[in-house]
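Worksheet for the structure shown next.
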Amino acid sequence: MRLLDAKLSEDGCSTELLSVIKTVLAGCKKISNILSSGDFSYIPLDSFGVQQVNEKEPLNTISNNILKDLLVDLCVVKAVASKEEEQILSINEEGKFLVSFDPLDGYSNVEVNGPVGTIFSITSSTDWLSSFNEQQFNKPGELIRAAGFVLYGPATSLVLTTGTGTHIYTFSREFGDFVLWRENIAIPKDSREFSVNLARQRYWPENVKKYVKHFTDGRYGVGRKDYSLRYVGSFVGEVYRILCRGGVFLYPQEGTRRQYLGNGKLKLLYKVMPMAFIAEQANGLAYADQMRVLDIVPNSVKQRAPLIIGSKNEVERYFKNEKQGKSNAQE
Numbered sequence: 003m004r005l006l007d008a009k010l011s012e013d014g015c016s017t018e019l020l021s022v023i024k025t026v027l028a029g030c031k032k033i034s035n036i037l038s039s040g041d042f043s044y045i046p047l048d049s050f051g052v053q054q055v056n057e058k059e060p061l062n063t064i065s066n067n068i069l070k071d072l073l074v075d076l077c078v079v080k081a082v083a084s085k086e087e088e089q090i091l092s093i094n095e096e097g098k099f100l101v102s103f104d105p106l107d108g109y110s111n112v113e114v115n116g117p118v119g120t121i122f123s124i125t126s127s128t129d130w131l132s133s134f135n136e137q138q139f140n141k142p143g144e145l146i147r148a149a150g151f152v153l154y155g156p157a158t159s160l161v162l163t164t165g166t167g168t169h170i171y172t173f174s175r176e177f178g179d180f181v182l183w184r185e186n187i188a189i190p191k192d193s194r195e196f197s198v199n200l201a202r203q204r205y206w207p208e209n210v211k212k213y214v215k216h217f218t219d220g221r222y223g224v225g226r227k228d229y230s231l232r233y234v235g236s237f238v239g240e241v242y243r244i245l246c247r248g249g250v251f252l253y254p255q256e257g258t259r260r261q262y263l264g265n266g267k268l269k270l271l272y273k274v275m276p277m278a279f280i281a282e283q284a285n286g287l288a289y290a291d292q293m294r295v296l297d298i299v300p301n302s303v304k305q306r307a308p309l310i311i312g313s314k315n316e317v318e319r320y321f322k323n324e325k326q327g328k329s330n331a332q333e
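Residue numbers for the sequence shown follow my numbering, beginning at 3 and rising by one.
If you want it as structure tokens, here you go:
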């Protein structure tokens with residue numbers, strides 16, 4: 003049995019980076035305790051169609067404040083960006099790290115006791131820009147020093163990479179810490195599972211429809227094998243399943259009926275880039291449009307991106323299909 007500290011030290015994690023990771027995870031432990039308390043007054047007012055007498059702050063707000071309040075005490079952190087905040091939070095202009103996070107991915111799943119989680123990434127601060135300027139977060143994913151997510155499910159599980167492979171830990175209440183469960187995860191190159199919201203296919207470009215059709219056609223399609231659809235409506239849940247047994251998750255760009263999805267729905271900084279780093283460290287791939295996610299330089303902390311992530315051969319098949327579709331559209 004190996005605890006988190008021992009594994010990170012073995013992987014060459016610096017003391018300063020370890021302090022940031024441990025601080026984020028201290029917040030995640032608090033969030034886990036709240037989620038497992040069974041206190042439904044945290045759920046939004048009309049979730050069950052009834053008035054809650056003692057409604058509290060929404061859980062995503064509470065989770066955000068927990069993480070933010072812990073990180074402000076770290077002098078090695080230069081600034082923090084949260085999906086729930088309009089502005090970045092400046093901490094220490096001499097700090098070495100930038101921290102970004104989605105405090106509670108899949109928040110709408112809380113009322114049905116579905117999977118939710120916290121996604122985070124830690125990037126080196128390598129420029130002179132003032133900590134009050136969000137442009138410092140506009141860095142390619144290649145500069146990520148650590149990325150992970152905590153899945154609050156039947157067990158509280160941590161998926162973490164510091165660039166030396168992706169590992170899965172489970173939270174032990176006995177030790178009060180995360181214990182290594184699976185080391186050096188390797189996503190299978192091929193899979194028989196896919197995850198996408200088929201109800202939205204009427205908004206997809208034709209090349210995306212064509213790609214998804216090879217799943218639904220099964221043994222009678224170009225793939226010559228049957229696939230199973232898995233969709234839980236939670237990004238952390240989808241990626242965790244892919245890490246454990248392969249598959250792909252797809253959230254493509256959509257048509258003009260929902261303009262904000264023209265470039266995808268998922269936030270690049272808070273969701274897409276951390277998960278891409280995790281996937282690549284686990285022998286998987288992640289693409290946005292025709293570009294490798296980790297090569298993208300965000301133009302804003304609010305930027306969105308389409309995404310396919312998971313088993314290498316399936317992602318490459320999608321990339322080739324999309325490239326062909328774009329080529330045909332230009333002719």
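Cβ coordinates follow ideal geometry from the N, Cα and C atoms, glycine included. Every value quoted in this text rests on a predicted model; they were computed, and no experiment measured them.
- I68: member of the alpha helix (DSSP H) spanning 61–73, first to last residue.
- In this structure, DSSP gives P276 a helical state, which the three-state scheme calls helix.
- Beta bridge pairing from DSSP links K269 with R306.
- For E144, the secondary structure class from DSSP, reduced to helix, strand or coil, is helix.
- Sixteen is the threshold: since fewer than 16 other Cβ atoms of the shown chains lie within 10 Å of the Cβ of C77, the residue is exposed.
- Around the CB of N35, fewer than 16 other CB atoms lie within 10 Å, so the residue is classed as exposed.
- For I170, the enclosing beta strand (DSSP E) starts and ends at 168–174.
- I68 places its beta carbon less than 9 Å from that of P105.
- Contact annotation: K273 and F237 have beta-carbon atoms nearer than 9 Å.
- Membership of T125 in the beta strand (DSSP E) is indicated by the continuous run 118–126.
- The straight-line gap separating the alpha-carbon atoms of Y154 and I121 is approximately 11 Å.
- Restricting attention to I187, A281, Y233, the CA atom closest to the CA of A201 is found in Y233.
- The continuous alpha helix (DSSP H) containing L19 extends over residues 17–37.
- Close CB contacts of S193 within its chain, under the 6 Å cut and outside five residues either way in sequence, are with G248, G249, S313 (chain order).
- Per DSSP, E240 is not a residue of any beta strand (DSSP E); the alpha helix (DSSP H) it occupies stretches across 237–247.
- A buried status is given to A281, since no fewer than 16 other beta-carbon atoms sit within 10 Å of its beta-carbon.
- With the rule of 3 Cβ pairs closer than 8 Å, the stretch 155–172 does not count as touching the stretch 194–214.
- Taking 4 residues as the shortest admissible run, the stretch 190–226 contains the following complete alpha helix (DSSP H) segments, listed from N- to C-terminal end: 208–218.
- In this structure, the beta-carbon distance from V22 to F99 falls below 9 Å.
- By the C-beta density criterion, V82 is buried, having at least 16 other C-beta atoms within 10 angstroms.
- In this model, L182 and C246 are separated by some 14 Å (Cα to Cα).
- The residue from V295, Y205, I187 with its alpha-carbon nearest to that of I244 is I187.
- Taken through DSSP and simplified to helix, strand or coil, V181 comes out as strand.
- The stretch 292–312 makes contact with the stretch 134–141; the number of CB pairs closer than 8 Å reaches 3 or more.
- The Cβ-Cβ distance between G239 and G150 does not fall below 9 Å.
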